[in-house]
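*Asks:* Here it is, the structure in full.
There are 2 protein chains.
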Amino acid sequence: MSIRDFQNIGLVGAGLIGGAVAARLARVMPDVTLHVHDISAGNAAYVAERHPKARIATEVADLASCDAIFVATPVATIARQVVALLELPGCTALIIDTGSVKQAVVDAAENSHADASRFVPGHPLAGGISAGPGRSSGDIVTTRPFVLTPTEKTAPEALADARELLERLGATVSEMKPDAHDRALALGSHLPHLIAYALAGLGAEEPATLLPTSYRSIAAFAGSDPQMWADIFRTNGPELKAVLEEFKKRLDLIAAMADEPDPDPLLDSLSEAKDRIEALENDG
Amino acid sequence: MSIRDFQNIGLVGAGLIGGAVAARLARVMPDVTLHVHDISAGNAAYVAERHPKARIATEVADLASCDAIFVATPVATIARQVVALLELPGCTALIIDTGSVKQAVVDAAENSHADASRFVPGHPLAGGISAGPGRSSGDIVTTRPFVLTPTEKTAPEALADARELLERLGATVSEMKPDAHDRALALGSHLPHLIAYALAGLGAEEPATLLPTSYRSIAAFAGSDPQMWADIFRTNGPELKAVLEEFKKRLDLIAAMADEPDPDPLLDSLSEAKDRIEALENDG
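Line by line, the protein sequences give chains A and B. At position 85 of the first sequence (counting the first as 1) the number is 85 in the working numbering, and the numbers step up by one without a gap. At position 106 of the second sequence (counting the first as 1) the number is 106 in the working numbering, and the numbers step up by one without a gap.
In structure tokens:
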């Protein structure tokens, strides 16, 4: 298993996640040259200024000679960027993306005319509601799980290189299938945000004093970037709708139990949910 | 407007809310004798021990000579307790309840054979997920809105007395109609908890690492007392189901917009929800 020698690393997308990757590269691999590309010159400059050996890459084509490239653009453009890099003449770089929906980018890469074997789909589970490099910290890489979703077309060497590089950056790497990832994130992240946006929309007519902690804590996730979440909902539509149906069924089930003369089924159901949440909190 | 002279105040239910009322009474009206009744002798003793002039009332009938009585039992028994006090021979006390669902207790009081004019339905918007007197603090009374929901049968003098007493305890008192209160709480508190219980139930099969902040923050409200929430869901069933239907429609609407070729409606909808949440956060 030959591990690549990383001398030049590219970054396409200098936002929250890209900024976090750059911060870790500056910290643990300060001799590597970082090539930063972003459609926002301000974002690119912000990240480049905080790295000891960074260069601004005006065009994606400027990254052709990199050893590895992180693609951390918004979900809506990530597939296009990955395909462009796979098709870039002369480029043999390991490509790792960081998008929060995986099947769509995998499909785009594998349906392109390029060899997708050097593409390793990934997703650091960043969570949170902030955006942009200014709020970014390397902690996103080191404290959250970094999921890789290789496919049959992913070369084992590329996967090993990606894992090695990410572990050098301090990430805890795990592997999943792309569709399993998208289902899990639909439940764990995308549905909760959909709930928040829906709940926030319902509260417009109520006086603020009658909207207590529970409402506010849940609806607060609607304070997240609308463009980012619109992209995620669109990109992971089928999985999101499937989990939404399950969620609505469960809401109806609980509401129906509240109508039954027998109080026990409702109490049992709520008690079971409480047990699950306590187990989750104890698990960490 | 004759304000009652409060020498003896009764408390039925020495839990989270009852404990908070008792704490405020001890602080600002230390010369008043507090008569504490709870089916849990431990709860009653806990609250009584923390008050300079408290007595344990073994039976509700022991409260007959009180000037005012707070009824702070769980929602499922509150209507029964209020009616029992209204029907208690010789009792002329002002009765204030603190239940989080108002129409059911109002209906029970007004459909009883007793004179309901000295009953003032109330609800301190306590929020939070704890229960029992041990976690209780007078802050619940002084920092959260205390809503009164008088009806046509409520005597103006009783309402004035209740307001006076609560304001002496440090509460910020407001008034609403019982059904408007129940609709507002269905949206602001009961639906958010129903969401939490449903979401907590869905996550059982997922690895904990794939359940990020958004899922955990929302589902955490399912850590609340199942008996209390079962009672609330059962007692406020019609209002809860009405707002649940609105919520499901909005979830479906957002999911449907994520399917449209035109990205603007979805983005507009999420942006509008974000604006509402930010306005709410700025309102306080």
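Think of the CB as a built atom: it goes at the ideal place given N, C-alpha and C, for glycine as much as any other residue.
Could you tell me which residues DSSP pairs with Asn8/B in its beta bridges?
*Replies:* Here residue 8/B refers to the residue found at position 8 of the second sequence. In the DSSP output, where bridge partners are listed per residue, Asn8/B has Thr33/B.
*Asks:* Between the alpha carbons of Asp268/A and Leu244/B, how many angstroms are there, rounded?
*Replies:* Your numbering for residue 268/A matches position 268 in the first sequence. Your numbering for residue 244/B matches position 244 in the second sequence. Whole-angstrom Cα-Cα distance: 21 Å.
*Asks:* Quick one: is Thr73/A buried, meaning 16 or more other Cβ sit within 10 Å of its Cβ, or exposed?
*Replies:* Counting from one through the first sequence, the residue named residue 73/A turns up at place 73. With 16 or more other Cβ atoms within 10 Å, it is buried.
*Asks:* Considering only their Cβ atoms, is the gap separating Ile96/A from Ala20/A smaller than 8 Å?
*Replies:* Stepping through the first sequence from its first residue, residue 20/A is reached at position 20. Stepping through the first sequence from its first residue, residue 96/A is reached at position 96. For Ala20/A and Ile96/A, no; Cβs fall outside 8 Å.
*Asks:* Closest to Thr77/A by CA distance: which of Pro89/A, Ser100/A, Leu88/A, Ala57/A is it?
*Replies:* Taking the first sequence and counting its residues from 1, one reaches residue 77/A at position 77. Of Pro89/A, Ser100/A, Leu88/A, Ala57/A, the residue nearest in Cα terms is Ser100/A.
*Asks:* Given that a residue counts as buried once 16 or more other Cβ atoms are within 10 Å of its Cβ, and exposed if not, what is Asp5/A?
*Replies:* The residue given as residue 5/A occupies position 5 in the first sequence. With fewer than 16 other Cβ atoms within 10 Å, it is exposed.
*Asks:* In the DSSP assignment, find the beta strand (DSSP E) that holds Gly122/B and state where it starts and stops.
*Replies:* Indexing the second sequence from 1 puts residue 122/B at position 122. Note, Gly122/B: beta strand (DSSP E), 122-124.
*Asks:* If you reduce the DSSP assignment to three classes, tell me which class Pro263/A lands in.
*Replies:* Translated into the one-based positions of the first sequence, residue 263/A becomes position 263. Three-state result, Pro263/A: coil.
*Asks:* Leaving aside the five residues before and after Phe247/B along the sequence, list all residues of the same chain whose C-beta is less than 7 Å from its C-beta, in chain order.
*Replies:* Stepping through the second sequence from its first residue, residue 247/B is reached at position 247. Within the same chain, Phe247/B has close Cβ partners Leu191.
*Asks:* Go through its chain and collect everything with a Cβ distance to Ala171/B's Cβ below 6 Å, but skip five positions before and after it.
*Replies:* Translated into positions along the second sequence, residue 171/B becomes position 171. Cβ within range, chain order: Val141, Phe146.
*Asks:* Contact criterion: CB-CB distance below 8 Å. Does Pro145/B meet it with respect to chain A?
*Replies:* Start at 1 with the first residue of the second sequence, and residue 145/B comes out as number 145. So, interface residue.
*Asks:* Residues in the same chain with beta-carbon distance under 8 Å from Leu86/A, minus the five sequence neighbours each way, listed in chain order, please.
*Replies:* Along the first sequence, read from residue 1 onward, the residue named residue 86/A stands at position 86. Only Ile95, Ala109, Ser112, Ala114, Asp115, Ala116, Arg118, Phe119 meet the Cβ criterion.
*Asks:* Could you tell me whether any Cβ in chain E is nearer than 8 Å to the Cβ of Gly203/B?
*Replies:* Absent from the structure is chain E; the protein chains it does hold are A and B.
*Asks:* Is Asp139/A close to chain B? Criterion is C-beta to C-beta, closer than 8 Å.
*Replies:* By one-based count along the first sequence, residue 139/A stands at place 139. So, not an interface residue.
*Asks:* Go through its chain and collect everything with a Cβ distance to Pro89/B's Cβ below 8 Å, but skip five positions before and after it.
*Replies:* On the second sequence, residue 89/B is found 89 positions in, with the first residue counted as 1. For Pro89/B, where only same-chain residues beyond five positions count, the Cβ hits under 8 Å are Ala64.
*Asks:* Sorted by chain position, which residues of the same chain lie with C-beta nearer than 6 Å to Asp275/A's C-beta, five sequence neighbours on each side aside?
*Replies:* Along the first sequence, read from residue 1 onward, the residue named residue 275/A stands at position 275. Same-chain partners within the cutoff: there are none.
*Asks:* Would you identify the three-state DSSP class for Ile39/B, choosing helix, strand or coil?
*Replies:* The residue you call residue 39/B lines up with position 39 of the second sequence. Of the three classes helix, strand and coil, the one that applies to Ile39/B here is coil, per DSSP.
*Asks:* Is DSSP giving Glu278/B helix, strand or coil here?
*Replies:* For the purposes of this step, residue 278/B is taken as the residue at position 278 of the second sequence. Glu278/B: helix per DSSP, three-state reduction.
*Asks:* Would you call the CB atoms of Glu278/B and Gly223/A closer than 8 Å?
*Replies:* For the purposes of this step, residue 278/B is taken as the residue at position 278 of the second sequence. For the purposes of this step, residue 223/A is taken as the residue at position 223 of the first sequence. Contact: yes.
*Asks:* Do you know whose CA, among Gly18/A, Thr58/A, Val106/A, Thr149/A, lies nearest Met176/A's CA?
*Replies:* The sequence position of residue 176/A within the first sequence is 176, counting from 1. Met176/A has its Cα closest to that of Thr149/A, out of Gly18/A, Thr58/A, Val106/A, Thr149/A.
*Asks:* Kindly give me the distance between the Cβ atoms of Gly203/A and Leu194/A, rounded to whole angstroms, as I take these residues to be in contact under 8 Å.
*Replies:* As a position in the first sequence, residue 203/A is number 203, starting the count at 1. As a position in the first sequence, residue 194/A is number 194, starting the count at 1. Going by Cβ atoms, the distance from Gly203/A to Leu194/A rounds to 16 Å, so no, they are not a contact pair.
*Asks:* Can you tell me whether Asp283/A is buried or exposed? The criterion is at least 16 other CB atoms within 10 Å of its CB, across all chains shown.
*Replies:* Counting from one through the first sequence, the residue named residue 283/A turns up at place 283. Under this definition Asp283/A is an exposed residue.
*Asks:* Buried or exposed for Arg250/B, going by 16 or more other Cβ atoms inside 10 Å?
*Replies:* Along the second sequence, read from residue 1 onward, the residue named residue 250/B stands at position 250. That one is buried.
*Asks:* Can you tell me whether Glu205/B is buried or exposed, with buried defined as 16 or more other CB within 10 angstroms of its CB?
*Replies:* Sequence index remark: in the second sequence, residue 205/B carries index 205 (1-based). Glu205/B is exposed by the Cβ-count criterion.
*Asks:* In this structure, what does DSSP give as the bridge partners for Ala289/A?
*Replies:* No statement about residue 289/A is possible, as the shown extent of chain A runs from 1 to 284 and does not include it.
*Asks:* Inspect the beta-carbon positions of Ser214/A and Phe233/B and report whether they are closer than 8 Å.
*Replies:* Taking the first sequence and counting its residues from 1, the one referred to as residue 214/A is at position 214. Taking the second sequence and counting its residues from 1, the one referred to as residue 233/B is at position 233. Going by C-beta atoms, Ser214/A is not nearer than 8 Å to Phe233/B.
*Asks:* Closest Cβ-Cβ distance between Met1/A and chain B: below 8 Å?
*Replies:* Counting from 1 along the first sequence, the entry for residue 1/A is found at position 1. Reliability fails at Met1/A, whose pLDDT of 41 lies under 50, so the model's placement of it is uncertain and the value that follows must be treated cautiously. For Met1/A, the answer is no, since every Cβ of chain B falls outside 8 Å of its Cβ.
*Asks:* Between Glu272/A and Ile254/A, what straight-line distance do the alpha-carbon atoms span, to the nearest angstrom?
*Replies:* Taking the first residue of the first sequence as position 1, residue 272/A is located at position 272. Taking the first residue of the first sequence as position 1, residue 254/A is located at position 254. Glu272/A and Ile254/A: Cα-Cα distance of roughly 12 Å.
*Asks:* Name the residue from Phe70/A, Arg80/A, Ala61/A, Ile56/A whose alpha carbon lies nearest to the alpha carbon of Leu11/A.
*Replies:* Within the first sequence, the letter at position 11 stands for residue 11/A. Of the candidates Phe70/A, Arg80/A, Ala61/A, Ile56/A, the one whose C-alpha sits nearest the C-alpha of Leu11/A is Phe70/A.
*Asks:* If contacts are defined as beta-carbon pairs under 8 Å, then Ala196/B and Leu240/B qualify, I think. What distance do you get, rounded to the angstrom?
*Replies:* Within the second sequence, numbered from 1, the residue matching residue 196/B stands at position 196. Within the second sequence, numbered from 1, the residue matching residue 240/B stands at position 240. That pair is no contact at about 14 Å.
*Asks:* Could you tell me the boundaries of the alpha helix (DSSP H) in which Phe146/B lies?
*Replies:* Taking the second sequence and counting its residues from 1, one reaches residue 146/B at position 146. Careful: Phe146/B lies outside any alpha helix (DSSP H), inside the beta strand (DSSP E) at 145-148.
*Asks:* Is there a Cβ from chain A that is less than 8 Å from the Cβ of Ser271/B?
*Replies:* Position 271 of the second sequence holds residue 271/B. By this cut-off, Ser271/B is an interface position.
*Asks:* Can you give the beta carbon distance from His35/A to Arg50/A, rounded, assuming they're within the 8 Å contact cut?
*Replies:* Here residue 35/A refers to the residue found at position 35 of the first sequence. Here residue 50/A refers to the residue found at position 50 of the first sequence. His35/A to Arg50/A, Cβ: 15 Å. No contact.
*Asks:* State the CB to CB distance for the pair Arg144/A and Ala126/A, rounded to an integer number of angstroms; the pair is presumed to be in contact (CB under 8 Å).
*Replies:* Numbered from its first residue, the first sequence carries residue 144/A at position 144. Numbered from its first residue, the first sequence carries residue 126/A at position 126. Right, the Cβ-Cβ distance comes to about 6 Å (below 8 Å), so this counts as a contact.
*Asks:* Taking only beta-carbon atoms, is Arg163/B less than 8 Å away from chain A?
*Replies:* Position 163 of the second sequence holds residue 163/B. For Arg163/B, the answer is no, since every Cβ of chain A falls outside 8 Å of its Cβ.
*Asks:* Please return the same chain residues whose Cβ sits closer than 7 Å to the Cβ of Ala44/A, not counting the five positions on each side in sequence.
*Replies:* As a first step, residue 44/A must be located in the first sequence, where it is residue number 44. Around Ala44/A: Ala14, Val36, His37, Asp38, Ile56.
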